[in-house]
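Participant: To convert, take the position in the sequence shown, counting from 1, and add 34; that gives this note's numbering. Ideal Cβ placement from N, Cα and C applies to all residues, glycine included. Before I ask anything, here is the structure I am working with.
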Amino acid sequence: MDKKRIFVYLAFTFVVGYAAQFGLLFGGLIAYQRPTVFHTLLLAAVMWIPALGALTASLLCPDPGRPMPKIWPLPAGTALWLIAAVPLLFAVNYAMSSLFGFVGPQWGLSTLMGQLSPSSLEQIPPNVMPVLPGLLTVFGIALSIVLGATVVAAAALGCELGWRGYLLPRLAGGNRVAVHAVMGLLWGLWLLPLVLWWFRFRNDYEGLVPTVLCSLAMAVVLGAALNEIVLRTGHIGLAALALGLFVSQERLGLSFWPYLFPSAELPWAGAFSVFAVALWLFAATFPFVLIGKAAWGPAVPPAAGKN
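Have a look at this one:
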């Protein structure tokens with residue numbers, strides 16, 4: 035285990051990452067409701083701190099014998115499989131929550147329709163109104179997928195360059211399950227300020243414990259799935275694509291699922307629900323769910339990615 039480089043990477047990533055997150059949060063520069071382009075760009079910049087941690091560790095502790103896994107171009111077949119698989123996992127998650135009675139779909143999108151101004155609704159032809167919820171659902175989900183596969187994936191690449199591009203190769207020689215668990219917990223703890231601040235922002239701490247537990251559990255299983263993508267393909271770009279798609283399906287303001295299921299609450303419904311954690315654990319255990327036939331080949335050591 036490369037303890038020196040691991041320590042340098044984690045020290046930089048946590049110190050700078052926490053300083054940036056708390057600084058922006060205290061300054062009101064990370065918005066939880068109606069974020070502007072400026073707020074979004076700042077948050078995207080925070081997501082690139084792990085990449086800076088990897089760069090810093092590489093400069094302080096050079097390691098030319100361990101190159102970064104491949105980033106671009108993406109293998110088309112595997113990328114298309116991911117683009118279909120990640121939203122499908124979200125659909126199955128909400129379907130399971132609905133099946134067990136923890137949440138129900140709002141097919142008429144009454145919550146969303148209530149947010150539209152009367153003047154905008156008056157401009158819609160009467161014959162379109164009955165099918166408007168369906169059109170909005172199709173367009174909203176399609177838009178979230180497009181954004182997830184492009185601009186959100188570009189922001190997610192900063193995280194992946196650090197966590198799976200730099201840290202994973204230096205831990206990958208250990209027990210696979212332990213590596214997934216440790217990396218996932220570290221990743222979840224690094225992002226925890228953003229989770230905790232949501233409750234401070236609302237000044238309502240009800241649901242704090244299940245939210246934190248579900249968030250950490252999701253960090254472990256999602257991180258394990260992303261690790262498996264890199265280990266199986268030797269490709270960081272695919273992990274960034276998967277994470278971008280996950281964020282676009284999960285994050286309020288990008289995802290359409292909260293409009294379909296506005297009453298979803300943890301731990302039994304929502305993007306981080308018990309069902310979601312179970313599904314992503316299944317995907318991490320059986321990576322073919324995410325990357326198709328690429329999962330059936332031998333594992334590719336991260337440091338030996340084809341460049």
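Let me check one thing: in DSSP terms, what residues is residue 269 bridge-paired to?
Facilitator: Position 235 of the sequence shown, counted from the start, is the residue given in the question as residue 269. Per DSSP, 104.
Participant: Touch check for the stretch 214-232 and the stretch 274-286: three-plus C-beta pairs under 8 Å?
Facilitator: Judged by Cβ distances under 8 Å, the stretch 214-232 makes no contact with the stretch 274-286, as fewer than three pairs qualify.
Participant: Give a yes or no on whether the C-beta atoms belonging to residue 87 and residue 196 are separated by under 7 Å.
Facilitator: The residue you call residue 87 lines up with position 53 of the sequence shown. The residue you call residue 196 lines up with position 162 of the sequence shown. Cβ distance < 7 Å, so residue 87 and residue 196 count as in contact.
Participant: In the DSSP assignment, find the alpha helix (DSSP H) that holds residue 210 and state where it starts and stops.
Facilitator: Working through the sequence shown from its first residue, we reach residue 210 at position 176. Looking at the DSSP string, the run of the alpha helix (DSSP H) that includes residue 210 is 210-236.
Participant: With the cut-off set at 7 Å, would you say residue 266 and residue 227 are in Cβ contact?
Facilitator: Working through the sequence shown from its first residue, we reach residue 266 at position 232. Working through the sequence shown from its first residue, we reach residue 227 at position 193. It is not a contact, given that the beta carbons lie outside the stated cut-off.
Participant: Does the stretch 280-289 come within contact of the stretch 127-139, defined as at least 3 CB pairs closer than 8 Å?
Facilitator: Because the criterion of three Cβ pairs below 8 Å is not met, the stretch 280-289 and the stretch 127-139 do not touch.
Participant: Expressed to the nearest angstrom, what Euclidean distance is found between the alpha-carbon atoms of residue 119 and residue 324?
Facilitator: Residue numbering aside, residue 119 sits at position 85 when the sequence shown is read from its first letter. Residue numbering aside, residue 324 sits at position 290 when the sequence shown is read from its first letter. Each residue's alpha carbon lies about 6 Å from the other.
Participant: Let's see if you can read the secondary structure: which residues bound the alpha helix (DSSP H) around residue 115?
Facilitator: The residue labelled residue 115 in the question sits at position 81 within the sequence shown. Run containing residue 115: 110-133, per the alpha helix (DSSP H) assignment.
Participant: List, from N- to C-terminal side, the alpha helix (DSSP H) runs of 4 residues or more that fit wholly inside the stretch 176-203.
Facilitator: Counting whole runs of 4 or more residues, the stretch 176-203 contains the alpha helix (DSSP H) stretches 185-196.
Participant: Tell me, to the nearest whole angstrom, how far the beta carbon of residue 171 is from that of residue 290; I am working on the premise that it is less than 8 Å.
Facilitator: The residue you call residue 171 lines up with position 137 of the sequence shown. The residue you call residue 290 lines up with position 256 of the sequence shown. Their Cβ separation, rounded to whole angstroms, is 6 Å, which keeps residue 171 and residue 290 in contact under 8 Å.
Participant: Could you pull the start and end residues of the alpha helix (DSSP H) that residue 292 belongs to?
Facilitator: For the purposes of this step, residue 292 is taken as the residue at position 258 of the sequence shown. 291-294 is the span of the alpha helix (DSSP H), which, as asked, contains residue 292.
Participant: Hey, could you find the ends of the alpha helix (DSSP H) residue 84 is sitting in?
Facilitator: Indexing the sequence shown from 1 puts residue 84 at position 50. 83-94 is the extent of the alpha helix (DSSP H) around residue 84.
Participant: When you compare the CB positions of residue 91 and residue 52, do they come within less than 7 Å of one another, or not?
Facilitator: For this step, residue 91 is matched to residue 57 along the sequence shown. For this step, residue 52 is matched to residue 18 along the sequence shown. Cβ distance not < 7 Å, so residue 91 and residue 52 don't count as in contact.
Participant: Could you tell me the alpha carbon to alpha carbon distance between residue 352 and residue 96, rounded to whole angstroms?
Facilitator: Because the chain in this structure spans residues 35 to 341, residue 352 falls outside the shown range and cannot be described.
Participant: According to DSSP, simplified to helix, strand and coil, what is residue 62?
Facilitator: For the purposes of this step, residue 62 is taken as the residue at position 28 of the sequence shown. Correct three-state label for residue 62: coil.
Participant: DSSP three-state label for residue 261, please.
Facilitator: As a working mapping, residue 261 is identified with position 227 in the sequence shown. Three-state DSSP puts residue 261 in a helix.
Participant: Does residue 282 come out as helix, strand or coil in the three-state DSSP assignment?
Facilitator: Position 248 of the sequence shown, counted from the start, is the residue given in the question as residue 282. Helix at residue 282.
Participant: At a cut of 8 Å, does the stretch 306-322 reach the stretch 234-251 through at least three beta carbon pairs?
Facilitator: Touching, per the Cβ criterion.
Participant: Going by beta carbon distance, what residues of the same chain come within less than 7 Å of residue 303, once the five residues before and after it are set aside?
Facilitator: For the purposes of this step, residue 303 is taken as residue 269 along the sequence shown, with counting starting at 1. Correct list, in chain order: 131, 136, 137, 295.
Participant: Could you spell out the range, first to last residue, of the alpha helix (DSSP H) harbouring residue 310?
Facilitator: Translated into the one-based positions of the sequence shown, residue 310 becomes position 276. Looking at the DSSP string, the run of the alpha helix (DSSP H) that includes residue 310 is 308-319.
Participant: Taking buried to mean at least 16 other C-beta atoms within 10 Å of its own C-beta, is residue 152 buried or exposed?
Facilitator: Against the sequence shown, residue 152 aligns to sequence position 118. With fewer than 16 other Cβ atoms within 10 Å, it is exposed.
Participant: Ordered along the chain, which non-local residues of its own chain (more than five positions away) have a Cβ less than 7 Å from that of residue 57?
Facilitator: Translated into positions along the sequence shown, residue 57 becomes position 23. None.
Participant: Using the C-alpha atoms, what's the distance from residue 177 back to residue 157?
Facilitator: Translated into positions along the sequence shown, residue 157 becomes position 123. Translated into positions along the sequence shown, residue 177 becomes position 143. Taking the straight line from one Cα to the other gives about 23 Å.
Participant: What does the Cβ neighbour count give for residue 80, buried or exposed, with the cut at 16 atoms within 10 Å?
Facilitator: Taking the sequence shown and counting its residues from 1, one reaches residue 80 at position 46. Flag for residue 80 reads buried.
Participant: Would residue 231 pass as a contact of residue 59 if the rule is Cβ separation under 7 Å?
Facilitator: Taking the sequence shown and counting its residues from 1, the one referred to as residue 231 is at position 197. Taking the sequence shown and counting its residues from 1, the one referred to as residue 59 is at position 25. A contact, by the Cβ cut-off of 7 Å.
Participant: Specify the secondary structure class of residue 45 as computed by DSSP and reduced to three states.
Facilitator: Sequence index remark: in the sequence shown, residue 45 carries index 11 (1-based). If DSSP states are grouped into helix, strand and coil, residue 45 belongs with the helices.
Participant: Using 10 angstroms around the beta-carbon of residue 268, count the other beta-carbons present and answer buried if the total reaches 16, otherwise exposed.
Facilitator: As a working mapping, residue 268 is identified with position 234 in the sequence shown. Burial call: buried.
Participant: Between 201, 319, 179, which lies nearest to residue 121 when the distance is taken from Cα to Cα?
Facilitator: Taking the sequence shown and counting its residues from 1, the one referred to as residue 121 is at position 87. Cα-wise, what sits closest to residue 121 is 179.
Participant: Rounded to whole angstroms, what is the Cα-Cα separation between residue 37 and residue 64?
Facilitator: Here the question's residue 37 lines up with position 3 in the sequence shown. Here the question's residue 64 lines up with position 30 in the sequence shown. So the two alpha carbons sit approximately 34 Å from each other.
Participant: Count the other C-beta atoms from every protein chain shown that fall within 10 angstroms of the C-beta of residue 208, then say buried if there are 16 or more, exposed otherwise.
Facilitator: What you label residue 208 is simply residue 174 of the sequence shown in a count that begins at 1. Exposed, because fewer than 16 other Cβ atoms sit within 10 Å of the Cβ of residue 208.
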